[in-house]
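In our numbering, the protein residues as written are 49 to 410.
Even glycine gets a Cβ: it sits at the ideal position worked out from N, Cα and C.
Quick caveat, the model's predicted, so the values are computed rather than measured.
Down below is the structure, laid out as structure tokens.
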């Protein structure tokens, strides 16, 4: 089960994709078995809050046998609920909490419960949820469908805040959601121990644009947080007719290059991009590809041990000529197992997945 809203879900009559995900969930988890039971749609934040409090009260009634998985969306929400969740933890509830943002010192006693998340408006783990398998199986999930500008911020009653969700006691859903949340927790370090970012590849161009500037800034954010470095992949360098490297000793230049080489090659704007990254204390270099296409990019990813790839979200809808050149995102996902993150113009990031891409594979 893909616990994230996909393009197919958005194609449903509900533009938020939540109802489409619920239909898909029912089909996949039901299989040949009986219909999903104990299911109720929720749209009112007030009603959702009431269910949240009831679940908290239920697990607090039998804390030594209780587990509780809670989605706070971000660390500020956990801060606001810290008193209640300290009580749950101290009573013996097996607690797992999820959200974006590193924990402040005032919450260090909850650090062993915290799973640090990246930004993703569509993934289940980034939503508001409370799920428990004991003492009573229950899953409440409130999907926030507010505009990006207010997602995860402010009070439930703030202007523009909207949620769609459900509550169920069907064990198939409860166990499937918990299995997903456990896998997220297993693959994500806690906020007190951020993962080493490694080498982050960011697409760029010699003809800079605000879109690429935002993408480089997000790459720098990730590198700063995890102690990594940024490798720029300069798409416009590729050509069927002309090599970006000097004729003499060409092979020695086919590597990650620095500011000095960019000036030698007449690419001063790339040197400036590197200087901007270095001014933030982030190590940076440039790759000048010799061949068009994301398959070539994937080869560089393996060669240079890149841990994450950042692309502008606009590349999910390539032109015909771009697809013919091999810039199909589905082709990239087929040729690399490294995470590919799509960066929106406002800096929001979400992971690229093949089911979310409506394009012709190259």
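Between which two residues does the alpha helix (DSSP H) holding residue i run?
i, result
"residue 225", "219-234"
"residue 342", "342-351"
"residue 72", "66-78"
"residue 306", "Run containing residue 306: none; DSSP gives neither H nor E here."
"residue 250", "It is not in any alpha helix (DSSP H) - residue 250 instead sits in the beta strand (DSSP E) that spans 247-252."
"residue 371", "368-372"
"residue 55", "55-58"
"residue 326", "316-327"
Kindly indicate which three-state DSSP category residue i falls into: helix, strand or coil?
i, result
"residue 272", "helix"
"residue 210", "coil"
"residue 383", "helix"
"residue 332", "strand"
"residue 107", "helix"
"residue 142", "strand"
"residue 171", "strand"
"residue 126", "helix"
"residue 243", "Interpretation of residue 243 is limited by its pLDDT of 40, a score under 50 that renders its predicted location unreliable; the figure taken from the coordinates is listed afterwards. The answer is coil: DSSP assigns residue 243 none of H, G, I, E or B."
"residue 440", "Shown here, the chain extends from 49 to 410; a query on residue 440 therefore has no answer."
"residue 63", "coil"
"residue 195", "coil"
"residue 150", "coil"
"residue 49", "coil"
"residue 258", "helix"
"residue 339", "coil"
"residue 85", "coil"
"residue 400", "coil"
"residue 189", "strand"
"residue 395", "coil"
For residue i, count neighbouring Cβ atoms within 10 angstroms of its own Cβ and tell me buried if that reaches 16, exposed if not.
i, result
"residue 354", "buried"
"residue 240", "Note that residue 240 has pLDDT 33, beneath the 50 cutoff, so the model's placement of it is unreliable and no number is given."
"residue 251", "buried"
"residue 121", "buried"
"residue 288", "In this prediction, residue 288 scores a pLDDT of 42, lower than 50, which makes its location untrustworthy; the coordinate-derived value is nonetheless stated afterwards. When all chains shown are included, residue 288 counts as exposed."
"residue 365", "exposed"
"residue 101", "exposed"
"residue 311", "exposed"
"residue 234", "exposed"
"residue 395", "exposed"
"residue 89", "exposed"
"residue 144", "buried"
"residue 131", "exposed"
"residue 332", "buried"
"residue 75", "exposed"
Which residues bound the beta strand (DSSP E) around residue i?
i, result
"residue 115", "115-122"
"residue 391", "388-391"
"residue 180", "176-180"
"residue 357", "354-360"
"residue 163", "162-165"
Since residue i contacts residue j with CB under 8 Å, what's their CB separation in whole angstroms?
i, j, result
"residue 139", "residue 111", "4 Å"
"residue 174", "residue 165", "6 Å"
"residue 189", "residue 84", "Between residue 84 and residue 189 the Cβ distance is about 14 Å, and since that is not below 8 Å, they are no contact."
"residue 126", "residue 147", "6 Å"
"residue 248", "residue 227", "No, residue 248 and residue 227 are not in contact; Cβ-Cβ is about 29 Å, not under 8 Å."
"residue 270", "residue 360", "Their Cβ separation, rounded to whole angstroms, is 15 Å, which puts residue 270 and residue 360 out of contact at 8 Å."
"residue 64", "residue 193", "4 Å"
"residue 176", "residue 119", "5 Å"
"residue 349", "residue 386", "6 Å"
"residue 87", "residue 218", "6 Å"
To which residues of the same chain is residue i closer than 8 Å at the C-beta, ignoring the five residues directly before and after it?
i, result
"residue 236", "Reliability fails at residue 236, whose pLDDT of 47 lies under 50, so the model's placement of it is uncertain and no value is given."
"residue 409", "Its pLDDT being 33, under 50, residue 409 is placed unreliably in this model, and the value from its coordinates should be taken loosely. So the list reads 376, 378, 379 and 382, once near-sequence residues are dropped."
Excluding five sequence neighbours on each side, which residues of the same chain lie with their C-beta closer than 6 Å to the C-beta of residue i?
i, result
"residue 456", "Residue coverage of the chain in this structure runs from 49 to 410, which leaves residue 456 outside it and unanswerable."
"residue 107", "114, 116, 141 and 180"
"residue 328", "268"
"residue 414", "Residue 414 is absent from the model: the chain starts at 49 and stops at 410."
"residue 344", "337"
"residue 185", "217, 219 and 222"
In chain order, what residues of the same chain have a beta carbon less than 7 Å from the beta carbon of residue i, not counting five sequence neighbours either side?
i, result
"residue 352", "247, 279 and 304"
"residue 82", "none"
"residue 346", "380, 383 and 384"
"residue 317", "254 and 256"
"residue 341", "373, 374 and 375"
Does residue i have its Cβ less than 8 Å from a Cβ in chain D?
i, result
"residue 373", "Going by chain labels, chain D is absent from the structure shown, which holds only one protein chain."
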